[in-house]
Structure formats: C-alpha cells, structure tokens
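Engineer:
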Amino acid sequence: MTELGGQPNRIEKNTKIKGDIVSEADFRIDGKLDGNVKTSGKVVIGIDGYIHGKVECVNADIEGNFNGELIVADLLSLKSSAVIEGTVIVSKLAVEPGATFNASCTMKGKEGKGALNSPTKHSATTNEPAKAS
Numbered sequence: 001m002t003e004l005g006g007q008p009n010r011i012e013k014n015t016k017i018k019g020d021i022v023s024e025a026d027f028r029i030d031g032k033l034d035g036n037v038k039t040s041g042k043v044v045i046g047i048d049g050y051i052h053g054k055v056e057c058v059n060a061d062i063e064g065n066f067n068g069e070l071i072v073a074d075l076l077s078l079k080s081s082a083v084i085e086g087t088v089i090v091s092k093l094a095v096e097p098g099a100t101f102n103a104s105c106t107m108k109g110k111e112g113k114g115a116l117n118s119p120t121k122h123s124a125t126t127n128e129p130a131k132a133s
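Residue numbers (the UniProt record's numbering): 1 to 133.
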C-alpha cells in the first residue's frame with residue numbers, strides 16, 4: 001500500500017469498531033467496522049474484513065464483505081472472495097470471477113472528475129462477470 005499522507009492504518013482481525021474514520025492515509029480492514037470511512041488514500045478490506053456503512057476513497061481492493069454506500073474516485077477491484085451489497089459509485093471497476101456484486105452501480109465517465117457522466121447500472125452474482133456498456 002502506498003503511504004499517502006502518513007503511515008497506512010490497519011484494523012486487525014478480531015477487532016470490532018463502531019464509529020466514523022477520517023484519514024489521509026491508506027486503510028486496511030481485517031476486522032469489523034460499523035460506520036463510515038473517508039480517506040484520500042486506498043481502502044483495503046481483507047478476506048476476513050467487513051464494513052457496514054459508507055466508504056469514500058480514491059482506490060479500493062475488496063476481498064471481504066461490504067454493505068452500504070461505496071464511493072471510489074478511481075479503481076474498485078473486487079477479488080473472487082468479495083461480497084458487495086448496496087450502492088457503488090466508481091470510475092473504474094475490476095471484478096474477478098467468483099465475486100458477488102449485488103449493488104446498484106454508477107460509473108463516472110473519464111471527462112468529469114466530480115460529475116456523473118453516462119451512468120451505467122450493473123448487477124452480477126457469483127461466477128457471472130460484470131458487463132460494462
């Protein structure tokens with residue numbers, strides 16, 4: 001993980017947190033978080049990690065579980081073990097076969113960093129690759 005604005009942060013396995021997190025550095029969650037994360041770095045949810053809430057970040061790699069609103073400014077990468085439910089707003093999406101992606105997804109166009117250009121809805125379940133239009 002790249003060190004943006006400081007040392008990367010980590011919530012270890014068997015740790016449960018309720019509340020909101022704001023950071024300029026990368027964040028890795030291997031435990032459970034019931035709350036919101038806002039960072040100008042990358043969020044990684046490990047295979048045993050779980051977030052229920054809202055996440056705003058630049059990039060995200062997800063191996064574990066996420067339920068809520070996910071806003072990724074650049075690339076969202078879903079590993080085969082990922083389970084995503086809720087609402088997703090992203091610029092680029094990479095989904096490995098086997099990932100569960102049960103979310104309403106809006107993809108931003110390249111031109112507008114803040115504006116949503118030509119939104120696209122996606123829904124895929126295990127062993128079905130997501131299709132971009």
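We treat Cβ as the ideally placed atom computed from N, Cα and C, and that holds for glycine.
Can you round the beta-carbon distance between GLY53 and ASN65 to whole angstroms, since I take them to be within the 8 Å contact cut?
Structural biologist: Rounded, the Cβ-Cβ distance is 12 Å, inconsistent with contact.
Engineer: If I measure Cβ to Cβ from GLY19 and keep anything under 7 Å in the same chain, skipping five residues before and after, which residues do I get?
Structural biologist: GLY35
Engineer: Could you pull out every residue in the same chain whose Cβ sits closer than 6 Å to the Cβ of PHE49, ignoring the five residues on either side in sequence?
Structural biologist: In the sequence under discussion, the amino acid at residue 49 is Gly, which differs from the Phe named in the question. Contacts found: ILE29, ASP30, GLY64.
Engineer: Under the three-state reduction of DSSP, which class applies to VAL58: helix, strand or coil?
Structural biologist: coil
Engineer: Write down the C-beta distance between GLY41 and VAL58 rounded to the nearest angstrom, noting that I regard them as a contact closer than 8 Å.
Structural biologist: 6 Å
Engineer: What is the DSSP secondary structure of ALA73, counted as helix, strand or coil?
Structural biologist: Of the three classes helix, strand and coil, the one that applies to ALA73 here is strand, per DSSP.
Engineer: Thinking C-beta only, is GLY86 closer than 8 Å to LEU70?
Structural biologist: yes
Engineer: Restricting to Cα atoms, I'd like to know which of ASN102, ALA103, VAL43 is closest to PRO8.
Structural biologist: VAL43
Engineer: From what residue to what residue does the beta strand (DSSP E) around THR100 run?
Structural biologist: Looking at the DSSP string, the run of the beta strand (DSSP E) that includes THR100 is 100-107.
Engineer: Looking at the structure shown, is THR15 part of a helix, part of a strand, or coil, going by DSSP?
Structural biologist: coil
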